[in-house]
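Worksheet for the structure shown next.
Protein chains: 2
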Amino acid sequence: MYTAFIVGTAGSGKSFLTSILANRLKIFEIDVATMNLDPGVLRLPYAPDMDVREYIDINEIMTEYELGPNGGLVAAVDLITSQSAEILEEIKVRSPDILLIDTPGQMELFAFRPTGVIAANQFGGEKCVLVNLMDANLCRNPYGLINSIVLALSVQMRFFYPQLNLISKSDLIEESQLEDLQNWIEDSFAFEDAINATITGEKRELALRLHQTIDELQVFAETFPVSAKTNFNIDNLYGKLQVIWQGGEDFQVEDRVIR
Amino acid sequence: MYTAFIVGTAGSGKSFLTSILANRLKIFEIDVATMNLDPGVLRLPYAPDMDVREYIDINEIMTEYELGPNGGLVAAVDLITSQSAEILEEIKVRSPDILLIDTPGQMELFAFRPTGVIAANQFGGEKCVLVNLMDANLCRNPYGLINSIVLALSVQMRFFYPQLNLISKSDLIEESQLEDLQNWIEDSFAFEDAINATITGEKRELALRLHQTIDELQVFAETFPVSAKTNFNIDNLYGKLQVIWQGGEDFQVEDRVIR
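Respectively, the protein sequence lines represent chains A and B.
First residue of the first sequence: 1, per our numbering; consecutive thereafter.
First residue of the second sequence: 1001, per our numbering; consecutive thereafter.
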């Protein structure tokens, strides 16, 4: 079983992408299953094959422990690993070739608390990929793109899976902005020019320094825009996932071995 | 009016630190006021002088828009700026010398959505400091400390205020771990040794590369552990805030000007 964890900040479009990607794989007659790992979500744009809400009732937790929505969410996500045995049994019974795991709405509850990494290690199959969504609205200028990538690096450090960084909801930005974005991702010098043209002073110094680090770490090799609404780059996403899942023992980026 | 925004991931101890710091300033007879900017919190360890919950009722929002705790929190935080005029009027009437602003429980709702930066610019006084809390539990080994600092950098890029990075809840880690931590922060070579001794392979390469960047950006000059429980370094925190608030036109770190 190959696994993809769909991770991203609140509102970055995780559930919608999970839904569109699963449908696309089904068209290719691939045995794909979806799992919702968010105990706090009310409505999903798809019917998950497995659902953590069957084990964890956030309203019950809020009532029982007298918690507000904040504390309730934290407690509910932290409780996921207490249900590991049952969830794992369900995965074993369903046993899909590919499992897409839609993670909690607020990224930090999954990425920056101990539960997320433990749950990922428990539920992930033989090869796991982390699909990290970065809202296109936050990436439309050079400074915002670097800022989002720095956050993506922090997520990558936590899970240390091969990671794809998707600029999600790319349909929300203008065609010319999208062209600029792709140019910055593909051409390091063009991006440096764009930084120099749009940012001044200390902010520029910080952006240039971080861009250099991002460049050296080759993060942009696995960064591209997608739209679950227009299907833009969804097949490309599947292609990239295939390469990682079936690309031999290790995930290779040029001469660098990740994992 | 000088302002400090207390920011950090869920459970990093923002509200407790706000409470302890306010009490400490009152002992020094400083005119300090507190503001709660989290519409989703149920109980606070202090009675805030100003409270966004007086303007935004998250339960009403959840009922009216048929949202779960996830969506409710996102909507409630996004609504803060719609109440700016009233909140600003309240700040003006109270007009404290120092305003401590306790931000929403889930950091990303404030730091990685548009509202946070807008609200910070509206409510902040003439000099703002961002106090970023990093849970000591996530910083007790070299890899975790770098990971937390990378996240801190992403926050710093968003607000671009002078920023103090506090390793919060330091009472939860052992004395020897705390000594190690302080050694790593103060001595770049000692930290590199610790990375080499505790991390291997690709993770080490990533950690060393990011440490180099962190070192060049002098992030550790403004990083230190605190405990709101034992009062460890709370006076030091106030001293650092004073230097930034009253330190002339700009905030200086050695030969580098921030802001």
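Glycine included, every Cβ here is placed at the ideal spot set by N, Cα and C.
Note that the coordinates shown come from a computational prediction; the quantities given were computed from them, not determined experimentally.
Between the region 1009-1025 of chain B and the region 1089-1096 of chain B there are fewer than three C-beta pairs closer than 8 Å, too few to call the two in contact. Exclusion of the five residues before and after Gln106/A leaves Ala10 as the residues of its chain whose Cβ lies within less than 6 Å of its Cβ. CA-to-CA, the gap between Ile1173/B and Tyr1143/B works out to about 16 Å.
For Tyr161/A, no beta strand (DSSP E) segment is defined, and its DSSP state is neither H nor E. For the region 69-91 of chain A, the residues whose beta carbon sits under 8 Å from a beta carbon of chain B are, in order, Pro69, Asn70, Gly71, Gly72, Leu73, Val74. DSSP, reduced to helix, strand and coil, places Ala1004/B within a strand of the structure shown. As summarised for the region 173-199 of chain A, the continuous alpha helix (DSSP H) elements at least 4 residues long and confined to that stretch are 175-186, 188-198, given in chain order. In this structure Tyr161/A is buried. Its beta-carbon is surrounded by 16 or more other beta-carbon atoms within 10 angstroms.
Scanning Asp171/A, Gly125/A, Leu208/A, Pro48/A for the CA closest to the CA of Lys229/A turns up Asp171/A.
DSSP links Val131/A through a beta bridge to Ile6/A, Leu164/A. The secondary-structure analysis by DSSP pairs Phe1224/B across a beta bridge with Leu1166/B.
In the three-state reduction of the DSSP assignment, Leu100/A falls in the strand class, which pools E and B. If you draw a straight line from the Cα of Phe189/A to the Cα of Asn141/A, it comes to about 16 Å.
In the pairwise beta carbon analysis, the region 148-164 of chain A is classified as touching the region 123-138 of chain A: at least three pairs are separated by under 8 Å. By the CB criterion at 8 Å, Asn1183/B and Val1219/B fall outside the cutoff. Going by C-alpha positions, Ala1111/B is about 21 Å away from Ile214/A. For Ala33/A, the enclosing beta strand (DSSP E) stretches over residues 32-36. Contact check for Ile1058/B against Pro69/A passes: the beta carbons are separated by less than 8 Å. Looking only at Leu151/A, Leu88/A, Phe191/A, Asp51/A, the smallest Cα-Cα distance to Pro104/A is reached by Asp51/A.
At least 8 Å separates the beta-carbon of Leu1099/B from that of Val1077/B.
The beta carbon of Leu206/A falls within 8 Å of a beta carbon belonging to chain B, placing the residue at that interface. Rounded to whole angstroms, Thr1034/B and Ser176/A show a C-alpha spacing of 45 Å.
Proximity of chain A to Gly1013/B at the Cβ level (cut-off 8 Å) is not reached, the minimal Cβ distance being about 13 Å. In the structure shown, Asp1215/B falls within a helical segment according to DSSP collapsed to helix, strand and coil. Assignment of beta-bridge partners to Asp1051/B by DSSP yields Asn1036/B. Going by C-alpha positions, Leu237/A is about 50 Å away from Gly1247/B. In the DSSP assignment, Ser1019/B falls within the unbroken alpha helix (DSSP H) covering 1014-1027. Chain A places no beta carbon closer than 8 Å to that of Glu1174/B, leaving this residue out of the contacts. Comparing alpha-carbon positions, the option among Asn147/A, Phe232/A, Thr3/A lying closest to His211/A turns out to be Asn147/A. One Cα belongs to Leu1073/B, the other to Asp1193/B, and the distance between them is close to 43 Å.
Classified as exposed, Pro1114/B has fewer than 16 neighbouring CB atoms from the shown chains inside 10 Å of its CB.
DSSP places Asn1141/B outside both helix and strand once states are collapsed to three, so it counts as coil. For Asn1236/B, the enclosing alpha helix (DSSP H) begins and ends at 1234-1246. When secondary structure is reduced to three states using DSSP, Arg1209/B falls in the helix class.
Judged by their CB atoms, Leu1208/B and Leu217/A are not nearer to each other than the 8 Å cut-off. In the DSSP annotation of this structure, the continuous segment of the alpha helix (DSSP H) that includes Gly71/A starts and ends at 69-78.
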